[in-house]
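Peer 1: Reminder that position 255 of the sequence shown reads as 255 in full-length UniProt numbering, one-by-one numbering, no gaps.
Following this message is one structure expressed as structure tokens.
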Amino acid sequence: MAISNGVSSAGQKSSDPSPTCKKCTHGNKVTVDFPDGTFTFHSQWLHDARCDDGAARNATTAVCQQSTTTVHVETVQMSGHGAKTTLDVTWDDGLSSKFPIPWLQVMAPLVAARTDSPQPATKQAVPKGWTVDALKIPEISYSDLFREGLEKEQLDATILSILDRILSSSAPGIVKIIDLPSPNIEDERNHKNNLNTLVLKRLFGSVFIHPIRGSDQTFNVSSHAHDSTRKIGLPNYDTTQILLPHTDHAFYDNPIQVQGFYGLEGESENTFVSVLAALETLKTEAPASYHHLCHTPMTVGRVSRFYGDPLYQATVDTAITMQPGSSDDVKRVRWHPNLTGSLLSPYDEYKEARLAHLKFQEILRRDTHQLKLVLKPGDLYVWDNFRLLHGREKVLEVPRTGVGQTVPEHVVHDRYRALCTGLLKGHVGEEWLVHMPMPQLREMVKIFQGGHYWIDG
């Protein structure tokens, strides 16, 4: 949905009242009444967060360089109207700032105290992850991304909607690209000009650069005899055995976030599992085990012998990594049973930690959690490698070749952020968007697109 002249394309405006503000008696707090709630901010936080002079700080303005004595607000007022409404603040050190109200409202739940009584929730809680019976994989037509004559605005909106379905915590985390053109078999086998890379670069701008394969080079998982003999010791390439559900690049210090896999020839039965749903089951059935998945380190490593000199890759990490500052908001899973060595738990906690990993693996393999689908020639799936595990139960038809490609976390985030920032151009100053956490940035786009109270007519 495009934003034009401050009005969402839905053409709707809300009758919500305009926000109001006040400072406390001592000037160390500022309270703002938004249409959806009343929040109180530290005056010092507002001082730290001001971006009127740009998002970068210097040796004088850096937050860590400030005095331990907090500043106080002298005056506070609202100015402007509609989408351009600002909270105007002056402090006792002579500085002043104009905070965009849409920006302030989105940030409020993170850093401010809610001082009114919120209305009872009317929406049901969104379930974490998915189980097999509830999953419907979204399908995206190749032509929606590569059709001739696509306007940039239309293409960006399409890409953003696809990224939402892959990356949003409430989304399936996986999409299928359909209506693909016929592949060039020889190019695909030779890791060049392949459809998987083409689609991922369209979505994210660039792909993973392998330390030896180089840029834009895919990895092929094949049942061809000459390939399998070169890949001894790598269970993900040995198509004669089960490849248990896992995260790709689990042996890297920084695993890739998005993966695409394309069926070139042959057929195989592949698996996908939602980690978030499996963790919810674990917390219900064995709550004490959850702690060990989050806090017990393990070794994950492999030796690759098909690049010439052996490539040794290994890391140490916990199975579950939380979002910074959170105790229950999962950022990433790292799980590869075929390549995990041992748990590095304290001696007294080893038995419990081991049982926790066994229990989690048992849940992952349940029919309720493990989706099984047949990967056929021409099938291309793209998924969030941080939240979904994938595996291979068996090869059904040979010769079988699958073409894999990946996208690093920083490339994924940069692209997602750029799309959102582009939609807000002309409505909120770019300097205010630089330090916004990605969930809040995405929420602000939705606010503008949804025609909330500050949208002008």
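Glycine is no exception: its CB is placed at the ideal position from the N, C-alpha and C atoms.
1) Where His390 and Thr271 are concerned, what is the direct C-alpha to C-alpha distance, given to the nearest angstrom?
2) For Ala59, count the other beta carbons within 10 Å of its own beta carbon; 16 or more makes it buried, fewer makes it exposed. Which is it?
3) If we count Cβ pairs, one from each stretch, closer than 8 Å, do we get three or more for the segment 253-269 versus the segment 393-406?
4) From Met78 to Gln440, what does the alpha carbon distance come to, in whole angstroms?
5) Flag this pair as yes or no: are the beta carbons of Ser304 and Phe360 separated by less than 8 Å?
6) Just to confirm my understanding: we take Asp93, look at its own chain, exclude 5 residues before and 5 after, and list those with CB closer than 7 Å. What are they?
7) Between the beta-carbon of Phe251 and the beta-carbon of Ala314, is there less than 8 Å?
8) If we count the other Cβ atoms within 10 Å of its Cβ and call it buried at 16 or more, is Asp348 buried or exposed?
9) Tell me, to the nearest whole angstrom, how far the beta carbon of Ala112 is from that of Phe41; I am working on the premise that it is less than 8 Å.
10) With a threshold of 8 Å, are at least 3 pairs of Cβ atoms found where one atom belongs to the segment 414-430 and the other to the segment 277-294?
11) Please list the terminal residues of the continuous alpha helix (DSSP H) segment that includes Asn254.
12) Assuming Ala49 is part of the alpha helix (DSSP H), what are its boundary residues?
13) If we ignore side chains and look at the alpha-carbon of each, how far apart do Ser168 and Thr299 end up?
14) Taking only the alpha-carbon atoms, compute the straight-line gap between Ala225 and Thr240 and give it to the nearest angstrom.
15) How would you write the range of the alpha helix (DSSP H) that residue 522 sits in, first residue to last?
16) Taking DSSP's pairing of strands, which residues face Val73 in a bridge?
17) What do you get for His410, buried or exposed, if any count of 16 or more other CB atoms within 10 angstroms of its CB means buried?
18) Where does Thr421 sit, in a helix, a strand or coil, going by DSSP?
19) Return the residue from the list Asp133, Leu155, Asp33, Ala353 that minimises the CA-CA distance to Ser143.
20) Compare the beta carbon distance of Glu269 and Glu393 with 8 Å and say whether it is the shorter of the two.
21) At the level of alpha carbons, what is the spacing between Lys22 and Asp33?
22) Assuming Val395 is part of the beta strand (DSSP E), what are its boundary residues?
23) Figure out for me which residue from Asn338, Pro35, Arg442 has the closest Cα to the Cα of Arg114.
24) Where do the ends of the beta strand (DSSP E) carrying Ile178 lie?
Peer 2: In brief:
1) Spanning the two alpha carbons is a distance of roughly 5 Å.
2) In this structure Ala59 is exposed. Its beta-carbon is surrounded by fewer than 16 other beta-carbon atoms within 10 angstroms.
3) Contact between the segment 253-269 and the segment 393-406 is present, because at least three Cβ pairs lie under 8 Å.
4) Rounded to whole angstroms, the gap between the alpha carbons of Met78 and Gln440 is 22 Å.
5) The answer is no: Cβ separation not under 8 Å.
6) Excluding the 5 residues flanking it on each side, Asp93 has same chain C-beta neighbours closer than 7 Å at Val71, in chain order.
7) In contact: Phe251 and Ala314 (Cβ atoms closer than 8 Å).
8) Asp348 counts as exposed, since fewer than 16 other beta carbons sit within 10 angstroms of its beta carbon.
9) Taking a contact as a CB-CB distance under 8 Å, the pair Ala112 and Phe41 counts as one, their CB atoms being some 5 Å apart.
10) Here the segment 414-430 does not lie against the segment 277-294, with fewer than 3 beta-carbon pairs under 8 Å apart.
11) The continuous stretches of alpha helix (DSSP H) do not include Asn254, and DSSP gives it neither H nor E.
12) Start and end: 43-49.
13) If you take the alpha carbons of Ser168 and Thr299, they lie about 29 Å apart.
14) Low local confidence applies: a pLDDT of 48 at Ala225 is under 50, so the model's placement there is unreliable, with the coordinate-based value given in what follows. Distance between the alpha carbons of Ala225 and Thr240 is about 11 Å.
15) Only positions 1 to 457 of the chain appear in the structure, and residue 522 is not among them; the question remains open.
16) For Val73, which the question treats as bridged, DSSP gives the partners Trp91.
17) That one is exposed.
18) Of the three classes helix, strand and coil, the one that applies to Thr421 here is helix, per DSSP.
19) Ser143 has its Cα closest to that of Leu155, out of Asp133, Leu155, Asp33, Ala353.
20) Yes.
21) Put simply, the backbone Cα of Lys22 is about 9 Å away from that of Asp33.
22) Here the beta strand (DSSP E) through Val395 covers 388-407.
23) For Arg114, the nearest C-alpha among the options comes from Pro35.
24) Looking at the DSSP string, the run of the beta strand (DSSP E) that includes Ile178 is 174-178.
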